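K.L.:
Residue numbers for the sequence shown follow the working numbering, so the first one is 216 and each next one is one higher. Each residue gets a CB set at the ideal place from its N, CA and C atoms; glycine is no exception. Just so it is clear, the structure is predicted and the values come from calculations on it, not from any experiment.
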Amino acid sequence: MTGSPVRVVLVDDQSLIRAGIASLLTGDDDNTGRRIEVIGEASDGAAALPLIRRTQPDVVLMDIRMPGTGGIEATRQIRADPACRNSAVLMLTTFDTDQEVLGALRAGADGYLLKDAGPFRLRSAVRCAADGEPVLSPAVARQVMSHAAAAVQLTPDPRLERLTLREREVLTALAQGEDNTTVARAMRLSPETVRTYVSRILAKLGATSRAQLVAIAHRSGLPEGGPTDVDIAAVCPGPPD
216 MTGSPVRVVL
226 VDDQSLIRAG
236 IASLLTGDDD
246 NTGRRIEVIG
256 EASDGAAALP
266 LIRRTQPDVV
276 LMDIRMPGTG
286 GIEATRQIRA
296 DPACRNSAVL
306 MLTTFDTDQE
316 VLGALRAGAD
326 GYLLKDAGPF
336 RLRSAVRCAA
346 DGEPVLSPAV
356 ARQVMSHAAA
366 AVQLTPDPRL
376 ERLTLREREV
386 LTALAQGEDN
396 TTVARAMRLS
406 PETVRTYVSR
416 ILAKLGATSR
426 AQLVAIAHRS
436 GLPEGGPTDV
446 DIAAVCPGPP
456 D
């Protein structure tokens, strides 16, 4: 394992659940990626906010339903607090209703993972979130895509004409939920080259985030196929547990 550790705060109202998650995160028997440290725990959103301000974690693993301040409202407060904005918020919950999934993402969550994820996928998701990659459970990714397809009338964005063929392929891959590493492997490029393409696409489309790029792509009817056959759920790929 290389690099500085990923620093994590756990927010869940059940102490036994927190202990189990902490054990899975720190008991890294796959020996890959950055080491993970649990630097703090909170039992609800109200207790989490001052803890996050004080410890500045890389990732906050947040439950949805908790007494007092729940996960969605806590995420909204984290995103509104300048002292907390550098921390990625990854929802970790058993609930996957449209209201909760979309509510969390609209509040500013960086990902949504279900608690049935195995140890490897959980650790991989935390590392992806720390690196700024989007993270969605497979079922949640399909759910979000389905909701977007049903709710959004396709309106091709004329700015897409500014993109080269390769840039359009990269945008399509992002809209499918693929991360930079997966795109690089599929297109036989280096991750640095993919990051350069993403920066160019952001500039050409006047976007400030990957999420905005995905929204533009979906409104324009992408993905129509894309450069790979990787499932849209491969947001944070890894072998099955």
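Is it right to say V223 is buried, meaning 16 or more other beta carbons lie within 10 angstroms of its own, or is it exposed?
P.N.:
buried
K.L.:
Excluding the five sequence neighbours on either side, which residues of its own chain have a C-beta within less than 7 Å of the C-beta of V398, listed in chain order?
P.N.:
Contacts found: V385, A388, V409.
K.L.:
Please classify T290: is it buried, with 16 or more other beta-carbons within 10 angstroms of its beta-carbon, or exposed?
P.N.:
buried
K.L.:
Per DSSP, what kind of secondary structure is G255 in: helix, strand or coil?
P.N.:
Secondary structure at G255: strand, using DSSP grouped into helix, strand and coil.
K.L.:
Alpha carbon to alpha carbon, what distance is there between Y327 and V316?
P.N.:
7 Å
K.L.:
Whose C-alpha, out of M402, Q391, R403, is nearest the C-alpha of R425?
P.N.:
Closest by alpha carbon: Q391.
K.L.:
With H, G and I counted as helix, E and B as strand and the rest as coil, what does DSSP make of G392?
P.N.:
Look at G392 here: in three-state DSSP terms it is coil, with no helix or strand label.
K.L.:
Please name the residue, chosen from R403, D394, R249, D259, that lies closest to V350 on a Cα-to-Cα basis.
P.N.:
Comparing alpha-carbon positions, the option among R403, D394, R249, D259 lying closest to V350 turns out to be D394.
K.L.:
Using 8 Å as the threshold, is the C-beta distance between C299 and I279 below it?
P.N.:
no
K.L.:
DSSP on L276, reduced to helix/strand/coil?
P.N.:
strand
K.L.:
With DSSP as the reference, label A430 as helix, strand or coil.
P.N.:
helix
K.L.:
Within a Cβ cutoff of 8 Å, which residues of the same chain sit near V413, ignoring the five residues on either side of it in sequence?
P.N.:
V385, L389, N395, R425, L428
K.L.:
From S405, A324, V341, T309, pick the residue whose C-alpha is nearest to that of Q292; which is it?
P.N.:
In this structure, A324 is the residue among S405, A324, V341, T309 with its C-alpha nearest to the C-alpha of Q292.
K.L.:
DSSP three-state call for R249: helix, strand or coil?
P.N.:
coil
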